[in-house]
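**Q** Pasting a structure here, questions to come.
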Amino acid sequence: MASTLRTGVVGCGGLGPSEAKISHEMDDIELVGVVDVHMESAQAVADELGVKAFTDHRDLLAEGLDAVLVVTPTFTHREICVDAAEAGIAIFCEKPMALQLDDCDAMIAAADKAGVPLMLGFVMRYWPIYVEVHKRLQNG
Numbered sequence: 051m052a053s054t055l056r057t058g059v060v061g062c063g064g065l066g067p068s069e070a071k072i073s074h075e076m077d078d079i080e081l082v083g084v085v086d087v088h089m090e091s092a093q094a095v096a097d098e099l100g101v102k103a104f105t106d107h108r109d110l111l112a113e114g115l116d117a118v119l120v121v122t123p124t125f126t127h128r129e130i131c132v133d134a135a136e137a138g139i140a141i142f143c144e145k146p147m148a149l150q151l152d153d154c155d156a157m158i159a160a161a162d163k164a165g166v167p168l169m170l171g172f173v174m175r176y177w178p179i180y181v182e183v184h185k186r187l188q189n190g
C-alpha cells in the first residue's frame with residue numbers, strides 16, 4: 051500500500067459521515083469517495099468533504115482504493131466485503147460482522163484468498179471518553 055492510503059466509506063447513515071470526516075482529516079489518508087444507496091445522503095457527505103458520491107459500492111471500489119470502510123446495515127456486509135476483497139482492497143467493517151456464520155466464513159475466505167486485511171470494529175477503546183478513563187486509571 052502507498053504511504054497515503056486511498057480510502058472510501060460505504061454507508062452515509064449512522065457512523066458513516068463521522069468515519070468519512072475523520073478519514074478526510076487525517077494526513078495519511080486520501081478520502082476518494084462515499085457510497086450510500088440514497089444519493090442524497092452520499093451527496094451531502096461528498097459535498098461537505100469535496101469527494102465523489104456513489105450509490106453502488108462497486109463504482110467506488112473501481113476508483114483504485116487501498117482500503118474501504120464498511121459502515122452499512124449488517125445484512126449488506128458480506129457482498130460489500132467480498133467485492134472489496136476480490137478487488138484487492140483492505141477492509142474495515144463495522145460490527146457485527148454478519149448475521150449468519152456462512153456470511154462470516156465467506157468474508158474471511160475472500161480476504162484470505164485475496165491476501166487483504168479484514169478488520170472488524172468491535173471495540174470502542176479509542177473513543178475520547180474511554181481514552182480519558184484509561185488515562186485516569188493509569189495515573190491513579
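Be aware that the sequence shown starts at 51, since it is given in this note's numbering, and climbs by one per residue. Note that the Cβ used here is the ideal one computed from N, Cα and C, for glycine as well. Owing to the predicted nature of the structure, the values given are computational and were not obtained by experimental measurement.
#1: Relative to the C-alpha of residue 67, which candidate in 173, 100 and 55 has its C-alpha closest?
#2: Entirely within the segment 140 to 190 and at least 4 residues each: give me those alpha helix (DSSP H) ranges in chain order.
#3: Write down the C-beta distance between residue 74 and residue 81 rounded to the nearest angstrom, noting that I regard them as a contact closer than 8 Å.
#4: Starting from the C-beta of residue 115, find all residues in its chain whose C-beta is less than 7 Å away, skip the five residues before and the five after it, and write them out in chain order.
#5: Any idea what DSSP makes of residue 92, helix, strand or coil?
#6: Terminal residues of the continuous alpha helix (DSSP H) containing residue 132?
**A** The short version:
#1: Of all alpha-carbon atoms in 173, 100 and 55, the one lying nearest the alpha-carbon of residue 67 is that of 100.
#2: Fully contained in the segment 140 to 190 are the following alpha helix (DSSP H) runs of length 4 or more, in chain order: 151 to 164 and 178 to 189.
#3: The Cβ separation is near 4 Å, so the contact holds.
#4: If you ignore the 5 residues before and after residue 115, its C-beta comes within less than 7 Å of the C-beta of 56, 57, 58, 82 and 139, all in its own chain and listed in chain order.
#5: In the structure shown, the three-state DSSP call for residue 92 is helix.
#6: Per DSSP, residue 132 is one residue of the alpha helix (DSSP H) stretching across 127 to 136.
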